[in-house]
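In the order they appear, the protein sequences are chains A and B. Each residue of the first sequence is one higher than the one before, counting from 38 in the numbering used here. Each residue of the second sequence is one higher than the one before, counting from 38 in the numbering used here. Every residue gets a Cβ at the ideal spot worked out from N, C-alpha and C, and that includes glycine. Keep in mind it's a predicted model, so treat the numbers as computed, not measured. A short worksheet on the structure shown next.
Protein chains: 2
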Amino acid sequence: MSFPDSLRKTKSRLKVWEILSSSTTPLTARQIAQKADGGNEEKAVWLSSVYRALEAFEKAQAVNRTLLKDSPEALYSLSETGHHHYAICMNCKSRTELEGCPFGEHEHLHTVDEDFMVVGHVVEVFGYCKDCRKKMQKDAKK
Amino acid sequence: MSFPDSLRKTKSRLKVWEILSSSTTPLTARQIAQKADGGNEEKAVWLSSVYRALEAFEKAQAVNRTLLKDSPEALYSLSETGHHHYAICMNCKSRTELEGCPFGEHEHLHTVDEDFMVVGHVVEVFGYCKDCRKKMQKDAKK
DNA sequence: ATCCAATTGCGAATGGTTCGCAATTGCAAA
DNA sequence: TTTGCAATTGCGAACCATTCGCAATTGGAT
């Protein structure tokens, strides 16, 4: 995932991006702001600007916002790419991509359990594709 | 799902419970308070008491709190039973049951694709449980 | 019926997030 | 490269869902 083309590369946004890129865990806006001014007295990026940068990234689908139930603070992390699920035919094993994700575009996930930080998920739907159903109906007649 | 035995049956809690029971959709605390005093001037249940009732229900695992990203207000609903999926900790492999099914309680799964006959589905959420998160944070400090 | 811990009414405080506005800054066009 | 201007930021104040504090009330065990 790289810095979204659609956004101006400003000092604050680049800083926020760099911090998120180099973090292995999701961070709160406050943590990002703190890391930005690395212990210095004066702030490198003002907290409200961190929020605005994150909002812009989120709209550009480059960043994920996550709310866990045990804290009122949102957690932010870079979005992963390529997110799809499949319907799998139990007969011929063919896969057809589901349109969208039952969780919504990443939302809802945080509702899972107050103690659980969600990183990803698997969704698979099983059944029979149209072709196989036809064949199976024919075969059944024999 | 019935009113938790462990909790005192007070007027406010019974009211909140009744409202949640008779609602087909999740409600915000404010909505519950409004429904409680059904248009009357004086409040039947104070908002902070609604929050406290919901908190008690949630601790008793009788109510679900849900945070969606498009609103800062939490949604509350009675916990359902039957048909579940799991959140799996990538570190310790522990499983915790997901509350509800992302496809909705009553499988409109056949809507997935007209050509696909759905027989079942798998949903698994991956991430880190609270304990492992704590451990990982400690380890990170070393 | 009595007693006491649990609960509520009520308002004030908290704290994460958003907003407003003047000053600054990317960056497209000249 | 310089210019022009819309986008962005610094900064603080405002917002608002939720939590807290405390005195008054109440459920329910004895």
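Any C-beta of chain B under 8 Å from that of residue i
i, result
"residue 51 (chain A)", "no"
"residue 65 (chain A)", "no"
"residue 100 (chain A)", "no"
"residue 163 (chain A)", "yes"
CB contact below 8 Å: residue i versus chain A
i, result
"residue 140 (chain B)", "yes"
"residue 104 (chain B)", "yes"
"residue 113 (chain B)", "no"
"residue 191 (chain B)", "What the structure shows of chain B is the stretch from 38 to 179, and residue 191 (chain B) is not part of that stretch, so it cannot be assessed."
"residue 94 (chain B)", "no"
"residue 124 (chain B)", "yes"
"residue 88 (chain B)", "no"
"residue 186 (chain B)", "Because residue 186 (chain B) is not part of the residues shown, which for chain B are 38 to 179, the question remains open."
"residue 21 (chain B)", "Here chain B covers residues 38 to 179 and nothing more, so residue 21 (chain B) does not appear."
The ligand COA heavy atom lying under 7 Å from the CB of residue i
i, result
"residue 82 (chain B)", "Ligands in the displayed structure: none, and consequently the ligand COA is not present."
Test item: CB-CB of residue i and residue j under 8 Å
i, j, result
"residue 103 (chain A)", "residue 91 (chain A)", "no"
"residue 87 (chain B)", "residue 70 (chain B)", "yes"
"residue 57 (chain A)", "residue 64 (chain A)", "yes"
"residue 94 (chain A)", "residue 133 (chain B)", "no"
"residue 82 (chain B)", "residue 108 (chain B)", "no"
Which residues DSSP lists as bridging residue i, in chain order
i, result
"residue 125 (chain A)", "A:132 and A:163"
"residue 102 (chain A)", "A:113"
"residue 38 (chain B)", "DSSP lists no partner for residue 38 (chain B)."
"residue 26 (chain A)", "No information on residue 26 (chain A) is available, as it lies outside the stretch 38 to 179 that chain A covers here."
"residue 64 (chain B)", "B:113"
Contact set for residue i: own chain, Cβ-Cβ below 8 Å, skip 5 residues either direction
i, result
"residue 149 (chain B)", "Its pLDDT being 45, under 50, residue 149 (chain B) is placed unreliably by the model, and the measurement read from it follows with that caveat. Here the set comprises 155."
"residue 160 (chain A)", "122, 135, 138, 139 and 140"
"residue 162 (chain A)", "122, 123, 124, 125 and 135"
"residue 80 (chain B)", "70, 73 and 74"
"residue 66 (chain B)", "84, 87, 88, 91, 110, 111 and 113"
"residue 46 (chain A)", "40"
Chain-order list of residues whose beta-carbon lies under 7 Å from that of residue i (same chain, five-residue window excluded)
i, result
"residue 43 (chain B)", "97"
"residue 54 (chain B)", "40"
Spatial neighbours of residue i in its chain, beta-carbon cut-off 6 Å, leaving aside the 5 residues before and after
i, result
"residue 84 (chain A)", "70"
"residue 166 (chain B)", "126 and 131"
"residue 114 (chain A)", "63 and 101"
* To do: Give a yes or no on contact between the segment 68 to 76 of chain A and the segment 38 to 45 of chain A, applying the rule of three or more CB pairs nearer than 8 Å.
  => No, the segment 68 to 76 of chain A does not touch the segment 38 to 45 of chain A.
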